[in-house]
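>
Residue numbers (my numbering): 80 to 379.
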């Protein structure tokens, strides 16, 4: 059974000034999601599932799904603030859903095979889809063996200033033991530095693996996610802005000895659009990859 690609596309896009998931960045109006779908297709994924907001379903189907109709099976599920387990209520004043792991849980009814999780607005590169597909094919029929794409931190830096990254700590066999958030990471005079908890500047090796929210799971992860969400809502359900994130759930499962998570090295260069001024650079980078022959000028 081929793995499924699960695309988290329910973000508001408020900082970017619109629905950035539908923004055409390629030469024929291709979105970043189009490049992810193209890479997933050639890596051997068999289905795409998108989690979106219900209120832009019509635009999404017209602008995005119509392009894939004869290429790969696609399904849509919806993230909304009130899709929470029975016995809990949305607190007054809350206006947004409950975070990335809540978004993942929305796929429980439509995904029954090993699956990868990505953000809709991040450009991951073809090599990352290849290593993820290979791993997910190897765990078909198994349980509790997960993975994540470990990007080399030097391939994830911004030209516009410092970034924050989840730095992966691994054991001798390359399995994740922890993800530690590091802030103010940037390159200076050919070396990469971050600020530690005491505000001290610390050098970081350029090949250090970091998480860019590209994960691989098998279907029982949905049950773990539901259990984690229930506990989260018991503890934080009345907070107006609290969220439950994928790395938090994975870390807890690892520390409890329930699962393993292999960190897969990828040479791909990540880039994304966070603010409007990032758009021009992303367009240029895509054009460069087309010129190099990595992608055709017209994807679909």
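Here a beta-carbon is modelled for each residue, glycine too, at the ideal position from N, C-alpha and C. Note that this is a predicted model, so its numbers are computed, not measured.
By the 10 Å Cβ neighbour count, where 16 or more other Cβ atoms means buried, how is residue 251 classified, buried or exposed?
Answer is exposed; the Cβ neighbour count stays below 16.
> Pull up the DSSP beta-bridge partners for residue 155, would you.
DSSP lists 129 as partners of residue 155.
> Any idea if residue 299 is buried or exposed, counting beta-carbon neighbours within 10 angstroms, 16 or more meaning buried?
Counting Cβ neighbours within 10 Å, residue 299 comes out exposed, since fewer than 16 surround it.
> Residue 211 to residue 228, Cα distance in whole Å?
One C-alpha to the other measures close to 7 Å.
> Any idea what DSSP makes of residue 282, helix, strand or coil?
In the structure shown, residue 282 sits in a strand (DSSP, three-state: E or B).
> Going by the DSSP bridge assignment, what does residue 117 pair with across the sheet?
Paired residues: none, contrary to the question.
> Go ahead and label residue 282 buried or exposed: buried means 16 or more other beta carbons lie within 10 angstroms of its beta carbon, across all protein chains shown.
Exposed.
> Pop quiz: residue 105 and residue 378 are said to be a contact at Cβ under 8 Å. What is the actual Cβ separation, rounded to whole angstroms?
Right, the Cβ-Cβ distance comes to about 7 Å (below 8 Å), so this counts as a contact.
> Under a three-way DSSP split, which group does residue 217 fall into?
Of the three classes helix, strand and coil, the one that applies to residue 217 here is helix, per DSSP.
> For residue 147, which option in 172, 125, 165, 287 has the closest C-alpha, if you only look at C-alpha atoms?
Taking only the C-alpha atoms, the option nearest residue 147 is 125.
> How about residue 143 and residue 179: do their beta carbons lie closer than 8 Å?
No. Outside cutoff.
> Spatial neighbours of residue 84 within its chain, please: C-beta separation below 6 Å, excluding the five flanking residues on both sides.
The answer, listed in chain order, is 119, 124, 127, 195.
> Distance, Cα to Cα, residue 302 vs residue 89?
Cα-Cα distance, rounded: 21 Å.
> Contact between the stretch 225-240 and the stretch 264-275 is defined here as three or more beta-carbon pairs at a separation below 8 Å; is this criterion met?
Segments in contact, yes.
> Smallest Cα separation from residue 274: which of 241, 321, 223?
Cα-wise, what sits closest to residue 274 is 241.
> Is it true that the CB of residue 247 sits closer than 8 Å to the CB of residue 289?
Yes, these two residues count as a Cβ contact at 8 Å.
> So for residue 327, helix, strand or coil by DSSP?
Helix at residue 327.
> Here's the rule: buried if 16 or more other CB atoms are within 10 angstroms of the residue's CB, otherwise exposed. What is residue 86?
Result: buried.
> Hey, quick one: how far does the alpha helix (DSSP H) through residue 310 stretch, first residue to last?
Where residue 310 is concerned, the enclosing alpha helix (DSSP H) stretches over 300-315.
> Please state whether DSSP places residue 147 in a helix, a strand or coil.
Helix.
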